[in-house]
Every structure is written in structure tokens, then in C-alpha cells.
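Q: Take a look at this one; I'll ask things after.
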Amino acid sequence: MKHRLFVISAASGAGKTTLKNLVIQGFPDICYSISATTRSPREGEIDGVHYFFKTKEEFKKMIAEEALVEWNEVHGNYYGTPKKFVEEKLADGKRVLFDLDVFGKVNFDKVYPEATGILILPPSIEELKKRLCERASDTEEVIQLRLANANKEMDFAHQFGKYEYTIINDDLEKAAQELREILKDPHLS
1 MKHRLFVISA ASGAGKTTLK NLVIQGFPDI CYSISATTRS PREGEIDGVH
51 YFFKTKEEFK KMIAEEALVE WNEVHGNYYG TPKKFVEEKL ADGKRVLFDL
101 DVFGKVNFDK VYPEATGILI LPPSIEELKK RLCERASDTE EVIQLRLANA
151 NKEMDFAHQF GKYEYTIIND DLEKAAQELR EILKDPHLS
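Using this note's numbering, you'd call the opening residue of the sequence shown number 1 and step up by one each time.
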């Protein structure tokens with residue numbers, strides 16, 4: 001199982017989803033982990049493809065049944081990694097790429113300590129605010145909450161996270177190439 005699990009963490013808006021989408025298609029042996037969440041789908045998101053969308057009651061049942069590797073409440077919604085999905089992909093011989101917040105990564109590492117951590121950082125908080133505003137999917141209040149949380153998340157990642165790699169996403173193609181190099185490393189496959 002060593003070097004078969006990769007966890008990307010970043011503050012919301014740092015570009016981890018864009019990076020993942022740009023890079024993962026070049027690695028047919030890597031699948032993207034689908035998280036469960038109680039947040040509402042954004043336009044174009046499909047249940048079972050982008051997330052497993054759950055009601056709060058369904059999610060709480062998964063917690064009670066210990067059906068999640070890790071879970072957390074973020075921005076008023078629950079997010080978690082279903083154990084069944086991870087185990088099925090590993091049994092199929094796949095490597096798995098996860099998108100977890102820094103708090104979820106700490107809990108994930110308790111179950112899968114061999115996971116390789118990759119921290120994606122924005123070039124600055126000002127750039128992060130610009131990206132969140134350009135996304136136009138959140139209210140000003142939510143953007144301010146995300147920025148406040150971003151500072152806490154980055155501090156937490158530096159103090160308590162286990163990240164073997166850090167990528168500053170100041171240039172998308174450069175950051176994508178750095179991620180490709182990590183995933184291509186023969187010691188990590």
C-alpha cells in the first residue's frame with residue numbers, strides 16, 4: 001500500500017481542483033477519491049462523480065457506522081472519505097488521489113500513515129481573495145469566512161500536517177508540472 005495514496009490539501013480557492021483536473025488524466029492508474037458531503041451540488045456537479053451528496057441524516061449515519069476514514073465539518077457542511085470507496089480502489093490495484101482539508105488529512109493519516117501529502121498554497125492571501133471572488137459561487141460573507149479559514153488552515157498545515165511536498169500555485173502550468181513530477185516519481189508508484 002506504500003506510495004499508493006496521495007493527499008492534496010489546500011485552502012479553498014488555491015487551485016487544487018483545477019490542478020487535479022489538469023493532471024490526473026495523464027495517470028490512468030490513479031483514480032480520484034470521491035468524498036461524501038452534505039453541501040449542495042454546484043452547477044454541473046453529479047452525484048457519484050464529483051461527490052456523494054448526502055443529507056445530514058445520511059452523513060451522520062455513516063459516522064455512526066464508522067463508514068468514513070475521516071470526516072469533518074467545513075464551512076457549515078460535512079465532508080468525509082468513504083472507507084468502502086478507498087478499499088475497493090486499492091483492491092483493484094489503483095493508486096488513489098484524495099482532496100482533503102488539512103484537518104481531515106491529520107485524521108486520514110491515523111488510518112493511512114503511508115499516504116503522501118501534497119500541500120497546495122496560493123501565492124498570497126490577496127491572490128486567494130481574488131480567485132474566490134472570480135469564482136462567483138459564494139456570497140461576500142462566505143468569501144470572508146473562507147479567507148479567515150484559509151489562514152487557520154495554512155497555519156495548521158505548517159504546524160501539524162505531514163506534507164512531503166509543497167506546491168505554490170502562482171503559475172498553473174508550472175504547478176501542474178510539479179504535481180506531475182511527484183506522481184511520476186518511480187519511488188511513489
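Ideal Cβ placement from N, Cα and C applies to all residues, glycine included.
Within its chain, find whatever has a CB closer than 6 Å to the CB of Arg4; leave out the 5 residues flanking it on each side and keep chain order.
A: Once the five neighbours on either side are set aside, the close Cβ partners of Arg4 are Arg95.
Q: What's the gap between the Cα of Ser40 and the Cα of Ala136?
A: When rounded, the distance between both Cα atoms is 16 Å.
Q: Starting from the C-beta of Met62, find all residues in its chain whose C-beta is less than 6 Å away, skip the five residues before and the five after it, and write them out in chain order.
A: So the list reads Leu68, once near-sequence residues are dropped.
Q: Locate the alpha helix (DSSP H) running through Ser5, then write down its first and last residues.
A: The sequence given here places Leu at residue 5; Ser does not occur at that position. Here Leu5 belongs to no alpha helix (DSSP H); instead the beta strand (DSSP E) covers 5 to 10.
Q: DSSP three-state call for Thr17: helix, strand or coil?
A: Looking at Thr17 - three-state DSSP - the assignment turns out to be helix.
Q: Spatial neighbours of Ser33 within its chain, please: CB distance less than 8 Å, with the 5 preceding and 5 following residues excluded, ordered by chain position.
A: Here the set comprises Thr81, Phe85, Val86, Lys89, Val96, Leu97, Phe98, Asp99.
Q: Considering just the uninterrupted stretch of the alpha helix (DSSP H) at Ile143, what are its terminal residues?
A: Element bounds for Ile143: 140 to 160.
Q: Grouping DSSP H, G and I as helix and E and B as strand, with all else coil, what is Leu121?
A: DSSP places Leu121 in strand when its eight states are reduced to three.
Q: Round the Cβ separation of Phe160 and Val111 to the nearest angstrom and send it over; I've been treating them as touching at under 8 Å.
A: The Cβ separation is near 16 Å, so there is no contact.
Q: Taking three-plus beta-carbon pairs below 8 Å as touching, is the stretch 39 to 56 in contact with the stretch 171 to 188?
A: No: the two stretches stay apart, fewer than three of their Cβ pairs being nearer than 8 Å.
Q: Would you kindly report the start and end of the unbroken alpha helix (DSSP H) that includes Arg180?
A: First-last of the alpha helix (DSSP H) with Arg180: 172 to 184.
Q: For Ala36, does the count of other Cβ atoms within 10 angstroms reach 16, so buried, or fall short, so exposed?
A: Buried, by the Cβ-count rule.
Q: Relative to the alpha-carbon of Asp109, which residue among Tyr51, Ala150, Glu164 has its alpha-carbon at the smallest distance?
A: Comparing Cα positions, the closest option is Glu164.
Q: Exposed or buried, Ile125, counting other C-beta atoms within 10 Å across all chains shown (16 or more means buried)?
A: By the 10 Å Cβ count, Ile125 comes out exposed.
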